[in-house]
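Everything on this sheet refers to the single structure shown next.
Numbering (my numbering), first residue to last: 102 to 436.
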């Protein structure tokens with residue numbers, strides 16, 4: 102019924118690779134050791150290769166997306182393109198909370214990755230990871246999207262794509278593409294438990310989030326997020342408490358800790374209050390409610406007077422809270 106020898110029937114992703122691979126670069130980070138820290142006879146500083154990773158050229162101006170943990174401690178950054186060209190790169194901005202960074206090179210006729218922010222990956226989609234694992238050279242690995250919306254893996258703001266396409270040391274910051282060659286994610290990490298990698302469990306940051314962060318980093322060098330100063334847990338984890346309050350649903354977030362001298366403290370948010378709305382938007386049930394509330398607060402411009410709708414001892418009330426700017430973490434990058 103069909104010719105097994107017909108090459109046209111063979112499954113191949115070579116066209117997708119040809120479209121995207123030239124835009125994926127090798128990143129070499131270098132540490133400069135001052136002469137004063139070397140032996141007494143040294144008069145010059147010494148350069149040492151610190152690490153390696155990958156990056157993706159996002160536009161013709163030379164802006165490259167990569168991981169924060171790839172470049173965070175670099176004194177110098179060297180970029181090598183697929184065609185062999187080498188460039189020195191400058192850091193434009195870094196965001197530890199999403200493990201993303203933007204660096205820039207100055208060059209002509211730079212290859213740019215195919216982009217379509219309206220393309221959303223689905224579980225089961227075939228994907229290809231492009232990077233430079235262990236500095237052996239550009240390598241393509243194949244897998245599928247195993248899950249989407251994985252956002253309990255770090256304290257940051259990612260909603261990871263999970264894939265079984267291999268992501269090893271040196272792949273971080275590289276491209277995850279679909280079979281049309283379109284960028285769908287920035288490779289970031291392999292899952293680890295007790296220092297051991299979980300085989301076939303790897304993660305990428307979705308392109309839409311990465312692009313949004315990139316624009317903010319290009320504009321201001323950092324990402325400004327709102328905060329109000331409290332921690333919470335899903336009401337659904339305390340169904341008895343919901344019944345005591347006379348609540349008919351388990352939607353909402355219970356305030357568990359209020360930071361001293363924070364906006365939440367001054368607005369008199371109290372432990373045990375159940376937040377059911379933020380700026381008139383209903384908080385969903387489960388962990389999704391925690392993530393949604395966290396993200397909405399982070400997206401709120403500092404200085405905004407935000408309204409929390411809460412239930413306190415069975416009574417509904419609104420609290421007006423002045424959102425402040427979230428303090429940057431010291432270092433929460435994935436390893």
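Don't be surprised by glycine CBs; every beta carbon is placed ideally from N, CA and C.
Rounded Cβ spacing between residue i and residue j (contact assumed at less than 8 Å)
{"i": "residue 279", "j": "residue 220", "result": "7 Å"}
{"i": "residue 242", "j": "residue 276", "result": "Not confirmed; about 11 Å, so no contact."}
{"i": "residue 262", "j": "residue 234", "result": "Residue 262 to residue 234, Cβ: 19 Å. No contact."}
{"i": "residue 422", "j": "residue 329", "result": "5 Å"}
{"i": "residue 288", "j": "residue 232", "result": "6 Å"}
{"i": "residue 211", "j": "residue 311", "result": "No, residue 211 and residue 311 are not in contact; Cβ-Cβ is about 18 Å, not under 8 Å."}
{"i": "residue 209", "j": "residue 175", "result": "About 25 Å separates the two Cβ atoms, so there is no contact after all."}
Beta-bridge partners of residue i, as assigned by DSSP
{"i": "residue 164", "result": "205"}
{"i": "residue 376", "result": "354 and 411"}
{"i": "residue 401", "result": "Residue 401 pairs with nothing; no bridge assigned."}
{"i": "residue 287", "result": "276 and 306"}
{"i": "residue 229", "result": "243 and 278"}
{"i": "residue 381", "result": "None; residue 381 has no bridge partner."}
{"i": "residue 183", "result": "Answer is none; residue 183 lacks a bridge partner."}
{"i": "residue 190", "result": "178"}
Per-residue DSSP class, three states only, for residue i
{"i": "residue 118", "result": "helix"}
{"i": "residue 320", "result": "helix"}
{"i": "residue 368", "result": "coil"}
{"i": "residue 345", "result": "helix"}
{"i": "residue 223", "result": "coil"}
{"i": "residue 420", "result": "strand"}
{"i": "residue 217", "result": "coil"}
{"i": "residue 267", "result": "coil"}
{"i": "residue 390", "result": "helix"}
{"i": "residue 429", "result": "coil"}
Residues of its chain near residue i, where Cβ-Cβ distance is below 8 Å and the 5 sequence neighbours each way are ignored
{"i": "residue 434", "result": "Residue placement at residue 434 is poorly supported in this model, since its pLDDT is 38, which falls under 50; the coordinates still yield a value, given next. Here the set comprises 168, 169, 170, 173, 197 and 200."}
{"i": "residue 248", "result": "224, 262 and 263"}
{"i": "residue 207", "result": "163 and 188"}
{"i": "residue 113", "result": "none"}
Outcome for residue i when other beta-carbon atoms lying within 10 angstroms are tallied against a minimum of 16
{"i": "residue 244", "result": "buried"}
{"i": "residue 303", "result": "buried"}
{"i": "residue 153", "result": "buried"}
{"i": "residue 272", "result": "buried"}
{"i": "residue 414", "result": "exposed"}
{"i": "residue 122", "result": "buried"}
Proximal residues to residue i (C-beta, below 7 Å), its chain only, five neighbours per side dropped
{"i": "residue 353", "result": "336, 375, 376, 377, 384 and 390"}
Proximity test, Cβ basis, 8 Å: residue i and chain B
{"i": "residue 262", "result": "Absent from the structure: chain B. Only one protein chain is present."}
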